[in-house]
Amino acid sequence: MTTVDLPLLPLGRGTDIASERGVDCPGDLPAPSDPDLVARAEAAKAALGERLFVLGHHYQRDEVIAFADVTGDSFKLARDAAARPDAEFIVFCGVHFMAESADILTGPDQKVILPDLAAGCSMADMARLAQVESAWDALTAAGVVDSVVPVTYMNSSADIKAFCGRNGGVVCTSSNAEVALEWAFEQRPDAKILFLPDQHLGRNTAVLKMGISLDECVVWNPLKPNGGLTAEELQNARMILWKGHCSVHGRFSPDVVDELRATIPDVQILVHPECQHEVVLKADLVGSTEFIIKAIEAAPPGSAWAIGTELNLVKRLANAHPDKRITFLDKTVCYCSTMNRIDLPHFVWALESLVAGTVPNQITVDPETEKWALVALERMLALPGKTSRD
91 MTTVDLPLLP LGRGTDIASE RGVDCPGDLP APSDPDLVAR AEAAKAALGE RLFVLGHHYQ
151 RDEVIAFADV TGDSFKLARD AAARPDAEFI VFCGVHFMAE SADILTGPDQ KVILPDLAAG
211 CSMADMARLA QVESAWDALT AAGVVDSVVP VTYMNSSADI KAFCGRNGGV VCTSSNAEVA
271 LEWAFEQRPD AKILFLPDQH LGRNTAVLKM GISLDECVVW NPLKPNGGLT AEELQNARMI
331 LWKGHCSVHG RFSPDVVDEL RATIPDVQIL VHPECQHEVV LKADLVGSTE FIIKAIEAAP
391 PGSAWAIGTE LNLVKRLANA HPDKRITFLD KTVCYCSTMN RIDLPHFVWA LESLVAGTVP
451 NQITVDPETE KWALVALERM LALPGKTSRD
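Residue numbers for the sequence shown follow the working numbering, so the first one is 91 and each next one is one higher.
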């Protein structure tokens, strides 16, 4: 049994509508070795013209980013899509929960397309609605639910965002997690926060930004009865952290930080707050993907950096800043495997399908889920400070 209890989908066949994955791809993809793929992508994009708007997440392959009209993090891209109401087709080169957010924030006549439905998110899959509803029932039985405010990270499915909307909670990004937690603690007397689905972002924000002690943070394991916690532990906790994590950022280790400091003079460690608490404690700078990009852009020539985030972005930063020494904070290759599902063959197939009059892989959120997810998102948008980056 693993944290992500999903059915096996052999060879990418079949669907699981309760997860971030849905994998059928009707029609044949162009061969990856097709030398005409770039020309075909250019031709299809030109044929669609202003009807098309292409969003590219920072973790995408370079071959896909080359065709993006805008690049950014998940919430920034969803808002960019909402700012283009005349675009009939929004092709989201990212993962499933991002496309859901774009569908929630765009108009009813706009169609959001994910080039490969198998581009899901393992972190989002670690908090499934039935599990969260069971946890809520257990918190009710423990007599603490009236104090609990649910806060979900942007990296979650639409139905988890809707759960938070229905239950007085909010969405957060990695840029505004501190502001979101401050808001949540103001919502109830003796408030507790159920933080979904990334335990590391919740812990790092609560402990390092807000001064909450590690003893006041407990981890809810959805695969154990009552989350593996006693009623007393729940009553004493201020942060109930869902046992979820990013499969990329969770790999970085404090040992590698020590090794790099010993081998690279004056190296600065720059990591994302989805990293383990022990890694974040050893870092020089911690921040969102946009923060990481801006930190490298502002760094002086000749400076040395080890970056703990997705490898596509680290390589792109290294190529863009040859005057700086940029190293990946891991000994092994560590791409986001689901982000990398979006490749040029899938992209070309999606665009050529649109040119032919077929809308492939449209992502739609049902009205009830959309209604409550939007409530949680709008609560986030009403928070003070910068909320458009994650």
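Where a beta carbon is used, it is the ideal one built from N, C-alpha and C, also for glycine.
query                                                                                                                                                                                                     : result
In the DSSP assignment, find the alpha helix (DSSP H) that holds T353 and state where it starts and stops.                                                                                                : 344–353
So within the stretch 121–175, which uninterrupted beta strand (DSSP E) runs reach at least 3 residues, ignoring any that extend past its ends?                                                           : 142–147, 160–162
If the criterion is Cβ atoms closer than 8 Å, does the pair D236 and F342 meet it?                                                                                                                        : no
Using a Cβ-Cβ cut-off of 7 Å (strictly less than) and excluding sequence neighbours within five positions of D288, which residues of its own chain qualify?                                               : M213, Y243, N245, G334, H335, C336, E364
In terms of alpha-carbon separation, which member of M300, W439, L464, V160 lies closest to E272?                                                                                                         : M300
Can you give the Cα-Cα distance for E387 and A466, rounded to whole angstroms?                                                                                                                            : 33 Å
Pick helix, strand or coil for A394, following the three-state DSSP scheme.                                                                                                                               : strand
Give me the Cβ distance between T399 and H339, rounded to the nearest whole Å; I'm assuming they're in contact under 8 Å.                                                                                 : 7 Å
Between the beta-carbon of A248 and the beta-carbon of T459, is there less than 8 Å?                                                                                                                      : yes
Could you tell me the boundaries of the alpha helix (DSSP H) in which V222 lies?                                                                                                                          : 219–231
Taking V309 and L331 to be in contact with their CB atoms under 8 Å, please state how far apart those CB atoms are, rounded to whole angstroms.                                                           : 5 Å
Note down, one range per segment and in chain order, each alpha helix (DSSP H) of at least 4 residues found wholly within the stretch 307–341.                                                            : 321–326
Return the chain-ordered list of same chain residues with a C-beta closer than 8 Å to the C-beta of N451, the five sequence neighbours on each side being excluded.                                       : C115, I203, L204, P205, D206, L207, A440
Classify S164: buried if its beta carbon has 16 or more other beta carbons within 10 angstroms, exposed otherwise.                                                                                        : buried
So, helix, strand or coil for V361, using DSSP?                                                                                                                                                           : strand
Let me know the secondary structure DSSP gives V202 once reduced to three states.                                                                                                                         : strand
Using 8 Å as the cut-off, can you tell me whether the stretch 181–188 makes contact with the stretch 424–440, which would need three or more C-beta pairs spanning the two stretches below that distance? : yes
Just to confirm the assignment, what range does the alpha helix (DSSP H) spanning P435 have?                                                                                                              : 434–445
Would you call R141 buried or exposed, if buried means 16 or more other Cβ atoms sit within 10 Å of its Cβ?                                                                                               : exposed
Do you know offhand how far F143's Cα is from A171's?                                                                                                                                                     : 8 Å
One question on the structure: do K372 and P391 come within less than 8 Å of each other, judged by their Cβ atoms?                                                                                        : no
Decide if L464 is buried, meaning its Cβ has at least 16 other Cβ atoms within 10 Å, or exposed.                                                                                                          : buried
Which residue from N266, D215, A270, E223 puts its Cα closest to that of R256?                                                                                                                            : E223
Going by the DSSP bridge assignment, what does I386 pair with across the sheet?                                                                                                                           : Answer is none; I386 lacks a bridge partner.
From which residue to which residue does the beta strand (DSSP E) around R278 run?                                                                                                                        : Looking at the DSSP string, R278 is not in any beta strand (DSSP E), and its letter there is neither H nor E.
Using the Cβ count rule (16 or more neighbours within 10 Å means buried), how would you classify P312?                                                                                                    : buried
Taking only three categories from DSSP, how would you classify Q289?                                                                                                                                      : helix
Let me make sure I understand the geometry here. Which of V376, T353, D345 has the alpha-carbon closest to that of I359?                                                                                  : V376
What first and last residue would you give for the beta strand (DSSP E) that runs through V238?                                                                                                           : 238–243
If you count every other CB in all the chains shown that lies within 10 Å of the CB of L304, and 16 or more means buried, which is it?                                                                    : exposed
Here's a check: name, in chain order, each residue in its chain whose Cβ is nearer than 6 Å to the Cβ of L167, leaving out the five neighbours to either side.                                            : L145
Enumerate in chain order the residues of its own chain whose CB-to-CB distance from T379 is below 6 Å, with the five nearest sequence positions on each side excluded.                                    : H148, D163
Buried or exposed: which applies to D456, given that a residue is buried once 16 or more other Cβ atoms fall within 10 Å of its Cβ?                                                                       : exposed
Measure the alpha-carbon distance for P232 versus Q325 and round it to whole angstroms.                                                                                                                   : Per the sequence shown, residue 232 should be read as Ala rather than Pro. Cα-Cα distance, rounded: 8 Å.
In whole angstroms, what separates the C-alpha of Q150 from that of D159?                                                                                                                                 : 13 Å
In this structure, how does DSSP classify M470 when only helix, strand and coil are distinguished?                                                                                                        : helix
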